[in-house]
Amino acid sequence: MESYSEPFRAQSSLITYGENSFQQETLLSLVSPSLLSQKGTIQWLNTYGLTHYDDFKALITANGLDDFLIKLLREPEQPNKVIVLENLIFISVKVITTVGGKFKEEQIMFIFSTGFVWSLAGQSHIYFDEIIGRLEHKRGLSRFKKSDYLVYLLLESIIEVYHLAFADFILANTNNGTSTDWTIKLTDAKAITEIRPTPEFTAQVEQRKQAILGFKKTCLSLKELIQKMERLKENGIKTIYFSDLKEEVETVISEIDFSLQELESKINLIFSIQGHRLNEVMKTLTIFSVFFIPLTFIAGIYGMNFRYMPGLEMENGYYIVMAIMLIISTGILIFVKKRKWF
14 MESYSEPFRA
24 QSSLITYGEN
34 SFQQETLLSL
44 VSPSLLSQKG
54 TIQWLNTYGL
64 THYDDFKALI
74 TANGLDDFLI
84 KLLREPEQPN
94 KVIVLENLIF
104 ISVKVITTVG
114 GKFKEEQIMF
124 IFSTGFVWSL
134 AGQSHIYFDE
144 IIGRLEHKRG
154 LSRFKKSDYL
164 VYLLLESIIE
174 VYHLAFADFI
184 LANTNNGTST
194 DWTIKLTDAK
204 AITEIRPTPE
214 FTAQVEQRKQ
224 AILGFKKTCL
234 SLKELIQKME
244 RLKENGIKTI
254 YFSDLKEEVE
264 TVISEIDFSL
274 QELESKINLI
284 FSIQGHRLNE
294 VMKTLTIFSV
304 FFIPLTFIAG
314 IYGMNFRYMP
324 GLEMENGYYI
334 VMAIMLIIST
344 GILIFVKKRK
354 WF
């Protein structure tokens with residue numbers, strides 16, 4: 014009889030279901046858990062925590078599973094991939110969530126054959142609660158199908174998490190039209206013209222763009238995984254389920270591409286407006302220069318050394334000139350601020 018640690022038993026549950034039966038229990042209540050299901054039933058072992066190596070090894074050995082699984086489960090961080098082993102299939106999937114406006118990766122693995130599914134996740138989550146509810150209350154086709162359909166449902170729930178993660182990322186990075194808001198609508202001309210492409214703004218937009226590109230890379234990897242599942246030729250596994258999953262992943266990728274294209278359009282428009290604003294400034298300065306360069310040239314030749322100049326003998330002439338200079342400077346400052354040149 015194999016001995017399993019208390020944490021592993023507490024963090025694992027075994028669901029046995031069939032067309033007319035459903036039973037869920039933790040491993041704490043089982044003396045020796047087995048993945049070998051009776052005829053007409055499916056076993057689903059759900060484990061949280063990827064560090065129970067000794068328990069994994071004992072369970073694999075006790076159920077006569079492929080020894081290569083021991084090596085695979087010793088690597089808690091793996092890319093999206095599918096490996097066909099002796100009478101079973103190993104799947105490694107990255108789950109993307111959003112925490113504090115940033116993407117976060119979690120690792121989930123599936124091991125399944127015609128009569129059982131073993132899911133392993135890094136931490137407890139609610140991704141699969143809806144599927145458990147379907148099985149328990151006999152909703153849909155889940156109780157009438159085999160393990161391949163259960164894997165389809167599990168992967169479908171992960172793709173839904175991808176959808177939600179991307180939507181949460183976009184929502185978390187919306188700042189209601191401030192200078193760092195890159196989700197402003199292209200039709201909102203006033204908000205766009207108020208954006209200043211400072212180095213901080215540019216760096217922030219580039220950082221978010223790289224985050225989206227990284228998310229897209231993971232989605233493309235998931236799409237490749239599902240395409241490999243489509244091409245499986247294992248007995249008892251219906252690959253038609255995974256064609257639907259591929260379409261769902263492609264929908265997520267399309268949303269990402271649209272957001273990237275919209276972001277690029279906004280960046281180009283913002284810099285185009287900034288260039289137009291700079292041209293307006295240069296045009297105004299050129300007009301001032303056209304007027305005052307000749308006057309400055311004449312004053313440079315003759316100076317202000319005329320014998321007869323009105324106001325030279327005025328008692329308060331100096332203060333009056335200083336006041337006029339101050340008024341002109343203030344007027345220019347107000348003009349520049351009104352034109353939003355800085």
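In this note's numbering, the protein residues as written are 14 to 355. We put the CB at the ideal spot given by N, CA and C, even for glycine.
- Between residue 130 and residue 101, the C-beta gap is not smaller than 8 Å, which leaves the two residues out of contact.
- Within the model, the alpha-carbon separation for residue 22 versus residue 40 is close to 5 Å.
- For residue 241, the uninterrupted alpha helix (DSSP H) segment begins and ends at 212-243.
- Residue 28 is bridged by DSSP to 37 and 57.
- A distance below 8 Å separates the beta carbons of residue 31 and residue 54.
- At a Cβ-Cβ threshold of 8 Å, residue 238 and residue 93 count as neighbours.
- When C-beta atoms of the segment 135-150 are compared with those of the segment 256-272, fewer than three pairs fall below 8 Å, so the two segments do not count as touching.
- Residue 110 is a Cβ neighbour of residue 174, given a cutoff of 8 Å.
- Rounded to whole angstroms, the Cβ separation of residue 79 and residue 98 is 4 Å, and the two are in contact under 8 Å.
- In the structure shown, residue 118 falls within a strand segment according to DSSP collapsed to helix, strand and coil.
- Between the C-alpha atoms of residue 29 and residue 56 there is a straight-line separation of about 5 Å.
- For residue 125 and residue 249, the gap between their C-alpha atoms comes out near 11 Å.
- Ranked by how close their Cα comes to the Cα of residue 242, the residues 165, 119, 155 and 127 have 165 in first place.
- The residue from 256, 65 and 275 with its alpha-carbon nearest to that of residue 136 is 65.
- With respect to the 8 Å criterion, residue 167 and residue 63 are not classified as neighbours on the basis of their beta carbons.
- Beta-bridge pairing by DSSP links residue 134 to 61 and 121.
- If you draw a straight line from the Cα of residue 348 to the Cα of residue 139, it comes to about 59 Å.
- The residue from 233, 284 and 286 with its alpha-carbon nearest to that of residue 260 is 233.
- Under the three-state reduction of DSSP, residue 98 is assigned to strand.
- The DSSP-derived three-state label of residue 179 is helix.
- Counting C-beta atoms within 10 angstroms of its own C-beta, residue 46 has 16 or more neighbours from the protein chains shown and is therefore classed as buried.
- Residue 178 and residue 218 have their C-alpha atoms spaced approximately 19 Å apart.
- For residue 105, the pairing in a beta bridge is given by DSSP as 94 and 122.
- In this structure residue 303 is exposed. Its beta-carbon is surrounded by fewer than 16 other beta-carbon atoms within 10 angstroms.
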